[in-house]
Amino acid sequence: MITDSPWNVEKHDRSLARLAARENFPVAARLLPRRLRADLLAVYGFARLVDDIGDEAPEAQRGKLLELVDDDLDRVYAGVPPELPQLRRLARTVHARSIPDGPFRRLVHANRQDQTVHRYGTWDELVAYCRLSADPVGRIVLHVFGAADRGLEEASDRVCTALQVIEHCQDVGEDFRRGRVYLPAEDLRRFGCTDGDLGRTRTPTRLRGVVALEAARARDLLDRGAPPLMAGLTGWARIAVAGYAAGGRAALAGLERGRYDVLARAPRPGRAALLAGWARALERGGR
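In structure tokens form, the structure reads like this:
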């Protein structure tokens with residue numbers, strides 16, 4: 151049984167509320183109507199489950215646990231009650247919102263890839279990884295809001311990739327301790343960085359240059375993705391997406407304010423800055 155394993159899926163589910171309190175995704179959902187909020191939190195719960203299996207479960211169990219998630223997705227789409235509590239909640243959302251299985255499968259695949267691919271050589275390789283690990287979430291959200299048929303997928307993908315890259319910039323030290331380096335190797339070489347730089351307690355100037363480069367690329371993606379995405383959305387969908395975009399911009403501002411010293415402490419935006427950015431995003435169409 152899953153609940154008898156050292157990494158307990160049921161216990162993970164009970165901690166979801168505490169995790170949600172610290173994340174931008176549910177923060178953006180709190181002002182929404184109850185049904186939409188429940189659907190977004192069901193998606194969040196699935197994404198957190200898969201990510202945490204890939205990062206926190208004992209290495210020997212990760213493959214099997216991801217197989218269990220895939221098996222439960224099969225049950226969801228076959229109309230059979232799934233076993234995992236996160237998937238039971240997700241099933242209601244999947245059927246109510248007619249969400250295809252592809253985006254969920256790609257999220258699982260991304261975490262399988264994390265078990266074997268620990269570094270990315272180029273920016274294009276990192277973006278390809280984000281197509282698995284981040285972009286599917288945006289496409290799922292479009293389905294939740296009934297906006298999946300509006301031709302907004304490319305804009306959504308840009309926003310989601312930007313948010314993922316920003317997170318990689320914030321988590322350089324944590325990722326390195328887990329044996330992963332998401333900053334492209336060609337950029338690290340170009341700035342003269344070594345693995346020793348990634349393990350320091352303060353970020354050397356050359357590594358700050360790499361982080362600044364990736365942050366600038368993320369800002370460009372956000373600038374190109376958020377305005378057309380918000381222009382194509384109305385109502386609650388527009389409000390929620392403005393929250394996600396504001397979170398990304400607040401994080402970028404925090405990185406810049408901290409002079410890209412991501413090893414001393416990961417700069418995180420405060421709630422007040424996030425809410426102010428949210429309001430600005432609504433006024434300016436995502437900019």
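Heads up: the sequence shown begins at 151 in this note's numbering, then just goes up one per residue.
Heads up, the beta-carbon is just placed ideally off N, CA and C, and yes, glycines get one too.
Bear in mind the structure is a predicted one, so any value in this text is a computation, not a measurement.
Taking all protein chains shown into account, decide if residue i is buried (16 or more other Cβ within 10 angstroms of its Cβ) or exposed.
| i | result |
| --- | --- |
| ALA414 | exposed |
| ASP345 | exposed |
| THR351 | exposed |
| THR384 | exposed |
| PRO232 | buried |
| HIS293 | buried |
| ALA298 | buried |
| LEU191 | buried |
| PRO253 | buried |
| VAL224 | Just to set this straight, residue 224 is Asp in the shown sequence, not Val. ASP224 should be labelled exposed. |
| GLN314 | buried |
| ARG184 | exposed |
| ASP347 | buried |
| ARG399 | buried |
| ARG367 | buried |
| CYS343 | buried |
| ARG339 | exposed |
| ARG407 | exposed |
Rounded to a whole number of angstroms, what is the C-alpha to C-alpha distance between residue i and residue j?
| i | j | result |
| --- | --- | --- |
| ALA365 | LEU402 | 7 Å |
| ASP221 | THR353 | 42 Å |
| PHE175 | ASP205 | Caution is warranted here: a pLDDT of 49 is assigned to PHE175, below 50, making its placement in the model unreliable, and the coordinate value is therefore given only provisionally. Computed Cα separation, rounded: 19 Å. |
| GLY375 | ALA396 | 13 Å |
| PRO485 | ARG289 | Because the chain spans 151 through 437 in this model, residue 485 falls outside it and cannot be assessed. |
| LEU125 | HIS259 | Given a span of 151 to 437 for the chain in the structure shown, any question on residue 125 remains unanswerable. |
| VAL219 | PHE341 | 40 Å |
| GLY213 | ALA246 | 30 Å |
| LEU371 | ALA392 | 15 Å |
| ASN261 | LEU181 | 30 Å |
| GLY349 | ASP411 | 13 Å |
| LEU363 | ARG187 | 35 Å |
| GLN320 | VAL226 | 35 Å |
| MET380 | ALA210 | 43 Å |
| VAL230 | VAL291 | 23 Å |
| ALA207 | PHE196 | 15 Å |
| ASP264 | GLY329 | 10 Å |
| GLY296 | VAL244 | 12 Å |
| ALA241 | ARG255 | 14 Å |
| ARG131 | TYR279 | What is shown of the chain runs 151 to 437, which leaves residue 131 out entirely. |
| GLY404 | ALA228 | 45 Å |
| ASP189 | ILE316 | 25 Å |
| VAL277 | VAL193 | 22 Å |
| ALA390 | ARG409 | 29 Å |
Kindly identify the DSSP beta-bridge partner or partners of residue i.
| i | result |
| --- | --- |
| VAL331 | ARG269 |
In terms of residues, what are the limits of the alpha helix (DSSP H) holding residue i?
| i | result |
| --- | --- |
| PHE196 | 184-206 |
| ASP220 | 209-228 |
| ILE389 | 385-407 |
| SER248 | Per DSSP, SER248 belongs to no alpha helix (DSSP H) and is neither H nor E. |
| GLY342 | Premise fails: GLY342 is in no alpha helix (DSSP H) and is neither H nor E. |
| ASP285 | 285-294 |
| GLU303 | 303-320 |
| GLY349 | Where GLY349 is concerned, there is no enclosing alpha helix (DSSP H), given that its DSSP letter is neither H nor E. |
| THR353 | THR353 -> no alpha helix (DSSP H), and no H or E assigned at all. |
Return yes when the C-beta of residue i is under 8 Å from any heavy atom of the ligand SAM, and no when it is not.
| i | result |
| --- | --- |
| TYR332 | The ligand SAM is absent from the structure shown, which contains no ligands of any kind. |
Using 9 Å as the limit for Cβ to Cβ distance, is residue i near chain B?
| i | result |
| --- | --- |
| LEU190 | In summary, chain B is missing from the structure at hand, where a single protein chain is found. |
When you compare the segment 343-363 with the segment 290-310, are there three or more beta-carbon pairs, one atom per stretch, that lie closer than 8 Å? no
Is it the case that the segment 334-344 contacts the segment 264-275, given that we only count it when at least three CB pairs across the two stretches are under 8 Å? Touching, yes.
At least three beta-carbon pairs within less than 8 Å, the segment 271-289 to the segment 309-323: yes
State whether the segment 236-248 contacts the segment 193-208, with contact taken as three or more CB pairs (one from each stretch) at a distance under 8 Å. The segment 236-248 is in contact with the segment 193-208.
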